[in-house]
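In what follows, a single structure is set out as structure tokens and then discussed.
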Amino acid sequence: MGLRLWWANLSLQDELKRIAYEVNTYISDRVKGEPPYLYDASLHLIKAGGKRLRPFMTMKFHGLYSQDERAALPAAAALELVHNFTLIHDDIMDRDDMRHGVPTVHIKFGEPLAILAGDVLFAEAFRMVAETPAFQGDFHRANSAVRLLAGSLIALCEGQALDVRTAEGGMFSEGQYYEIIEKKTAALFEASAVMGVLTGGGGEQDVKHARLYARNVGMAFQMVDDLLGVVGDASVTGKPVGGDLKEGKKTLPIFLSVQRSRPEERELLMRVWGNPRANQEDVEKATQVLKALGIDSEVRAMAQKRVEEALEHLAFLPSRGGNWLVRLANFVIERKI
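Read left to right, the sequence shown gives residues 18 to 354 (the working numbering).
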């Protein structure tokens with residue numbers, strides 16, 4: 018009874034912080050070497066913060082099968098390294114100056130070192146998977162884990178290539194948006210969930226349902242993230258109001274607002290979209306158009322459907338500890354940051 022109450026009273030934020038501390042400590046203890054400035058660059062964004070949703074997912078899926086979540090820690094940390102590897106390289110391609118409230122790696126350390134810093138994380142991720150206790154002596158699961166990680170990285174690269182190519186054109190389709198976020202965001206969520214099933218000893222059907230749970234949660238996460246990029250509270254998100262509009266980002270809220278707006282509203286939106294020199298008054302007016310059109314509630318409703326589908330798949334998995342995965346799914350659509 019006491020254990021049940023302990024689980025009930027611990028908030029998701031507290032548990033995210035606990036997992037983040039374990040993952041951060043594990044990474045800091047192992048990602049080191051010579052020259053030290055290379056590893057300073059590699060760990061720069063990790064030390065700046067982040068929610069650690071991907072390793073959280075790995076450890077909680079592992080927890081469906083085992084009481085020893087820490088047995089999955091190396092594999093969970095590997096997923097976080099892959100995520101940060103992509104952030105470093107994406108920031109270079111997008112010419113972004115800030116992330117997590119600090120200068121991006123290429124701004125602080127220079128572009129050549131930033132590329133190498135990302136490569137270090139890429140390599141370390143595979144080493145951590147190889148060091149995961151659950152895979153020792155089990156070639157089949159170890160092989161599956163390596164193939165899983167490699168597959169997610171290929172999907173990420175494909176998604177980024179689609180994003181870069183789409184950015185070169187004008188307006189985009191809703192289908193293009195979903196294809197990009199499924200590869201760029203959902204693929205790593207899928208890998209995080211399946212990795213936990215592999216470390217925990219789950220079977221093929223468990224892998225199937227874990228993958229579909231995570232795909233839907235990952236897509237919902239990105240949809241809400243893109244929403245916050247245009248109508249979020251800058252004091253909470255740390256992102257400038259209308260920043261995604263000025264940068265010309267091709268996101269679901271922007272697509273819907275263009276589709277739903279009247280001609281004069283559309284003219285304003287297109288005047289701001291992709292215009293880094295747009296004046297603040299126009300940016301604020303464009304943001305108000307999105308709010309007046311009800312884009313916030315529409316996107317969250319669409320994300321909610323994804324979460325509901327995710328939870329349907331979670332119902333096929335072992336129930337122990339699954340409460341955290343229910344909370345995580347709900348968090349991605351309710352969050353303000």
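By construction, the Cβ of each residue, glycine as well, lies at the ideal position given by its N, Cα and C atoms. Small disclaimer: the values here were computed from a predicted structure and weren't measured.
Taking C-beta atoms under 8 Å as the contact rule, residue 105 and residue 131 qualify, at a distance of about 6 Å. Rounded to the nearest angstrom, the gap between the Cα atoms of residue 340 and residue 308 is 33 Å. Counting of Cβ neighbours within 10 angstroms places residue 74 among the buried residues, the total reaching 16 or more. Residue state for residue 181 is assigned as helix, using DSSP reduced to three classes.
The Cβ atoms of residue 215 and residue 161 sit closer than 9 Å to each other. Residue ranges of uninterrupted alpha helix (DSSP H) with 4 or more members, entirely inside the region 67 to 153 and ordered along the chain, are 70 to 79, 90 to 111, 122 to 126, 128 to 147.
Each residue's CA atom was taken as its position, placing residue 27 and residue 268 some 34 Å apart.
Taking a C-beta distance under 9 Å as the contact criterion, residue 144 and residue 65 do not qualify as a contact pair.
For the pair of segments examined, the region 52 to 72 was found not to touch the region 186 to 200: the number of CB pairs separated by less than 8 Å stays below three. Counting of Cβ neighbours within 10 angstroms places residue 141 among the buried residues, the total reaching 16 or more.
Here residue 87 is exposed. Its C-beta has fewer than 16 other C-beta atoms within 10 Å. In the DSSP annotation of this structure, the continuous segment of the alpha helix (DSSP H) that includes residue 42 starts and ends at 29 to 47.
Going by C-alpha positions, residue 332 is about 17 Å away from residue 207. Counting only the Cα atoms, residue 153 lies some 43 Å from residue 246. The residue among 240, 209, 222, 76 with its C-alpha nearest the C-alpha of residue 319 is 240. The beta-carbon separation of residue 82 and residue 219, rounded to 6 Å, stays under the 8 Å limit for a contact. Within its own chain, the residues whose Cβ lies closer than 6 Å to the Cβ of residue 159, once the five positions on either side in sequence are excluded, are 152, listed in chain order. Residue 282: member of the alpha helix (DSSP H) spanning 280 to 289, first to last residue. Distance between residue 191 and residue 182, taken at the CA atoms: about 15 Å.
About 12 Å separates the beta carbon of residue 266 from that of residue 292, a gap too long to meet the 8 Å contact definition.
Just so you know, the alpha carbons of residue 184 and residue 250 end up roughly 26 Å apart.
Per DSSP, residue 277 is one residue of the alpha helix (DSSP H) stretching across 269 to 277. Between residue 285 and residue 306, the gap from beta carbon to beta carbon is short of 9 Å. Apart from sequence neighbours up to five positions away, the residues of its chain that approach residue 330 with a beta-carbon distance below 6 Å are 226, 229, 230, ordered along the chain. Under the three-state reduction of DSSP output, residue 188 falls in the coil class, being neither helix nor strand. Distance check between residue 174 and each of 36, 99, 69 places 99 closest, using alpha-carbon atoms only. Your pair residue 233 and residue 323 checks out as a contact, with CB atoms roughly 4 Å apart and the cut at 8 Å. Rounded to whole angstroms, the gap between the alpha carbons of residue 210 and residue 43 is 19 Å.
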